[in-house]
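Asker: Have a look at this one before I ask anything.
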Ligand code: DGL
């Protein structure tokens, strides 16, 4: 090929790359919002992986544990909270969600990573999955071992999360959870083990993909509506209606319903046995609560599978809602958001069939 033609082709390629904003060395800008958790946790000994103190190190210290980040992204970091995630509340979700939306509005920002305690990480992730208004990646990550431990899992989780948040492939897939090399959907994922580093699983569907050498490999896509496709917007919310969860077991009874109503619940999720089954006494008390305008959702304590409408309980007659395959803690989030829009149980059932 003549030298002049080769030079012309090289120039055309360079202009094409610059036009798309791509260039050989342009790194994505990723915003890291830190909230605490074990990934920021520490202990006196490097062999202590249980009984450490969560949420002790600031975001700069957490980021400094991953020098390789400098090669893959430009990072804008912020300490939004510093807490163990068992202390997270819906009020925290609202603050965090508004901060995420604000960060994503900056056209220079490729994506957001949230470092978070693992205990309630799935709840924050699902709330954001339903309320963030952008198709840019939002990736939550954390760790099961404190930052001071031998083989701490936080640094590689953080590296993978930042890499993922900077990719085009992660766009449009809703809020993602990155743990232990797995890319999981916020809707389907739950913490399944008290100490194991592979604790985050999606029992009914598995991970969306995996991270390998800083690149995502996707094999599945989320099937349900999320982010831009929902009717919920965190920026429009100032509070969430109170929704309580009841737990079914041999001998559970109406006293739980009485307590939830006394606490001011506007919605009740029952984590029932099996297919969301209800003991007669609990069913009667929930029917009375429904008659008083409280929304009732039947979920299951089993951890996987689908609670089917009118499957064993006459939801049509009782005015109850079936939670599909959402866990009780996820069903609570969707019900709370639904109650900001409507109190019609059939419209809310359509939301559980959609999100
Ligand atoms: N206190 C727990 C939390 O902040 C520790 C578990 C963890 O972060 O992995 O969720």
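Residue numbers (the numbering used here): 4 to 358.
We put the CB at the ideal spot given by N, CA and C, even for glycine.
Everything numeric in this text was worked out from a predicted model, so none of it was measured.
Flag this pair as touching only if the stretch 202-222 and the stretch 156-172 have three or more C-beta atom pairs under 8 Å; answer yes or no.
Answerer: yes
Asker: Could you check if residue 146 belongs to the surroundings of the ligand DGL, using beta carbon to heavy atom distance under 7 Å?
Answerer: Position 143 of the chain shown, counted from the start, is the residue given in the question as residue 146. Within the cutoff, so yes.
Asker: To the nearest angstrom, how far is the alpha carbon of residue 267 from that of residue 297?
Answerer: Position 264 of the chain shown, counting from 1, holds the residue named residue 267. Position 294 of the chain shown, counting from 1, holds the residue named residue 297. About 10 Å.
Asker: Given the structure, does residue 68 come close to the ligand DGL, in the sense that its CB is under 7 Å from one of the ligand's heavy atoms?
Answerer: Here residue 68 refers to the residue found at position 65 of the chain shown. No - the ligand DGL has no heavy atom lying nearer than 7 Å to the Cβ of residue 68.
Asker: From residue 24 to residue 219, what does the alpha carbon distance come to, in whole angstroms?
Answerer: Translated into positions along the chain shown, residue 24 becomes position 21. Translated into positions along the chain shown, residue 219 becomes position 216. Reliability of the predicted coordinates at residue 24 is poor, the pLDDT of 40 falling under 50, and the value obtained from them is presented with this limitation in mind. In a straight line, the C-alpha of residue 24 is about 21 Å away from that of residue 219.
Asker: Please classify residue 252: does DSSP put it in a helix, a strand, or coil?
Answerer: By 1-based counting over the chain shown, the position of residue 252 is 249. In the structure shown, residue 252 sits in coil (DSSP, three-state: anything other than H, G, I, E or B).
Asker: Are the CB atoms of residue 141 and residue 114 within a distance shorter than 8 Å?
Answerer: Numbered from 1 along the chain shown, position 111 holds the residue referred to as residue 114. Numbered from 1 along the chain shown, position 138 holds the residue referred to as residue 141. For residue 114 and residue 141, yes; Cβs fall inside 8 Å.
Asker: Using a Cβ-Cβ cutoff of less than 7 Å, which residues in the same chain neighbour residue 240 once the five nearest sequence positions on both sides are dropped?
Answerer: Start at 1 with the first residue of the chain shown, and residue 240 comes out as number 237. The residues are 97, 343.
Asker: In whole angstroms, give me the CA-to-CA distance for residue 22 and residue 29.
Answerer: Residue 22 sits at position 19 when you count from the first residue of the chain shown. Residue 29 sits at position 26 when you count from the first residue of the chain shown. Only weak support is given to the placement of residue 22: the predicted model assigns it a pLDDT of 42, under 50, and the value that follows is read from those uncertain coordinates. C-alpha separation (whole angstroms): 13 Å.
Asker: Secondary structure at residue 102, three-state DSSP: helix, strand or coil?
Answerer: Against the chain shown, residue 102 aligns to sequence position 99. Helix at residue 102.
Asker: Contact check, residue 202 vs residue 119 under 8 Å by CB: the rounded distance?
Answerer: The sequence position of residue 202 within the chain shown is 199, counting from 1. The sequence position of residue 119 within the chain shown is 116, counting from 1. With 8 Å as the limit, residue 202 and residue 119 do not qualify as a contact, their Cβ atoms being about 14 Å apart.
Asker: Does at least one heavy atom of the ligand DGL sit under 7 Å from the Cβ of residue 156?
Answerer: Start at 1 with the first residue of the chain shown, and residue 156 comes out as number 153. Flag unset: Cβ of residue 156 not near the ligand DGL.
Asker: State the Cα-Cα distance for the pair residue 300 and residue 321, rounded to the nearest angstrom.
Answerer: Position 297 of the chain shown holds residue 300. Position 318 of the chain shown holds residue 321. Distance between the alpha carbons of residue 300 and residue 321: 11 Å.
Asker: Span of the alpha helix (DSSP H) holding residue 144?
Answerer: By one-based count along the chain shown, residue 144 stands at place 141. Counting along the chain, residue 144 falls outside any alpha helix (DSSP H), though it belongs to the beta strand (DSSP E) covering 141-144.
Asker: Would you kindly work out how many angstroms separate the C-alpha atoms of residue 60 and residue 265, rounded to a whole number?
Answerer: Translated into the one-based positions of the chain shown, residue 60 becomes position 57. Translated into the one-based positions of the chain shown, residue 265 becomes position 262. The alpha-carbon atoms of residue 60 and residue 265 are separated by roughly 39 Å.
Asker: If residue 35 and residue 62 are in contact, beta carbons under 8 Å, what's the gap, nearest whole angstrom?
Answerer: What you label residue 35 is simply residue 32 of the chain shown in a count that begins at 1. What you label residue 62 is simply residue 59 of the chain shown in a count that begins at 1. Rounded to whole angstroms, the Cβ separation of residue 35 and residue 62 is 6 Å, and the two are in contact under 8 Å.
Asker: With distance defined between alpha-carbon atoms, name the residue in 86, 326, 244 nearest to residue 191.
Answerer: Within the chain shown, residue 191 is the residue found at index 188, counting from 1. Nearest C-alpha to residue 191: 326.
Asker: At a threshold of 7 Å, does residue 188 count as lining the ligand DGL (C-beta to nearest heavy atom)?
Answerer: Taking the chain shown and counting its residues from 1, one reaches residue 188 at position 185. The answer is no for residue 188.
Asker: Which value, in whole angstroms, describes the spacing of the CA atoms of residue 178 and residue 5?
Answerer: Within the chain shown, numbered from 1, the residue matching residue 178 stands at position 175. Within the chain shown, numbered from 1, the residue matching residue 5 stands at position 2. If you take the alpha carbons of residue 178 and residue 5, they lie about 50 Å apart.
Asker: Along the chain, where does the beta strand (DSSP E) containing residue 198 start, and where does it finish?
Answerer: Counting from 1 along the chain shown, the entry for residue 198 is found at position 195. Here residue 198 belongs to no beta strand (DSSP E), and DSSP marks it neither H nor E.
Asker: In three-state DSSP terms, what is residue 91?
Answerer: As a first step, residue 91 must be located in the chain shown, where it is residue number 88. Coil, per DSSP.
Asker: Is residue 122 near the ligand DGL, with its Cβ less than 7 Å from a heavy atom?
Answerer: Here residue 122 corresponds to residue number 119 of the chain shown, with the count starting at 1. Checking every heavy atom of the ligand DGL against the Cβ of residue 122, one is found closer than 7 Å.
Asker: How would you call residue 247, buried or exposed, if buried means at least 16 neighbouring beta carbons within 10 angstroms?
Answerer: Here residue 247 corresponds to residue number 244 of the chain shown, with the count starting at 1. So residue 247 ends up on the buried side.
Asker: Can you tell me the Cα-Cα spacing of residue 225 and residue 205, whole angstroms?
Answerer: Taking the chain shown and counting its residues from 1, the one referred to as residue 225 is at position 222. Taking the chain shown and counting its residues from 1, the one referred to as residue 205 is at position 202. Taking the straight line joining both Cα atoms gives about 12 Å.
Asker: Indicate the three-state DSSP secondary structure (helix, strand or coil) for residue 56 in the structure shown.
Answerer: Here residue 56 is taken as the residue at index 53 of the chain shown, counted from 1. It is a strand residue.
Asker: Please name the residue, chosen from 121, 302, 338, 354, that lies closest to residue 1 on a Cα-to-Cα basis.
Answerer: One cannot answer for residue 1 here, as it falls past the ends of the chain, which runs 4 to 358.
Asker: Return yes when at least one heavy atom of the ligand DGL lies under 7 Å from the C-beta of residue 89, else no.
Answerer: What you label residue 89 is simply residue 86 of the chain shown in a count that begins at 1. Answer for residue 89: yes, Cβ within range of the ligand DGL.
Asker: Just to confirm the assignment, what range does the alpha helix (DSSP H) spanning residue 351 have?
Answerer: Residue 351 sits at position 348 when you count from the first residue of the chain shown. First-last of the alpha helix (DSSP H) with residue 351: 348-357.
Asker: Going by C-alpha distance, which of 244, 52, 66 is nearest residue 154?
Answerer: Here residue 154 refers to the residue found at position 151 of the chain shown. Considering only alpha carbons, the answer is 52.
Asker: What does the Cβ neighbour count give for residue 356, buried or exposed, with the cut at 16 atoms within 10 Å?
Answerer: Within the chain shown, residue 356 is the residue found at index 353, counting from 1. Exposed: under 16 other Cβ atoms inside 10 Å.
Asker: For residue 137, name the three-state secondary structure that DSSP assigns.
Answerer: Position 134 of the chain shown, counting from 1, holds the residue named residue 137. Residue 137 falls in the coil class under three-state DSSP.
Asker: Taking C-alpha atoms, which residue in 210, 40, 105, 160 lies nearest to residue 71?
Answerer: Residue 71 sits at position 68 when you count from the first residue of the chain shown. Nearest of 210, 40, 105, 160 to residue 71, Cα basis: 160.
Asker: Can you tell me whether residue 37 is helix, strand or coil according to DSSP?
Answerer: In the chain shown, counting from the first residue as 1, residue 37 sits at position 34. Three-state DSSP puts residue 37 in a strand.
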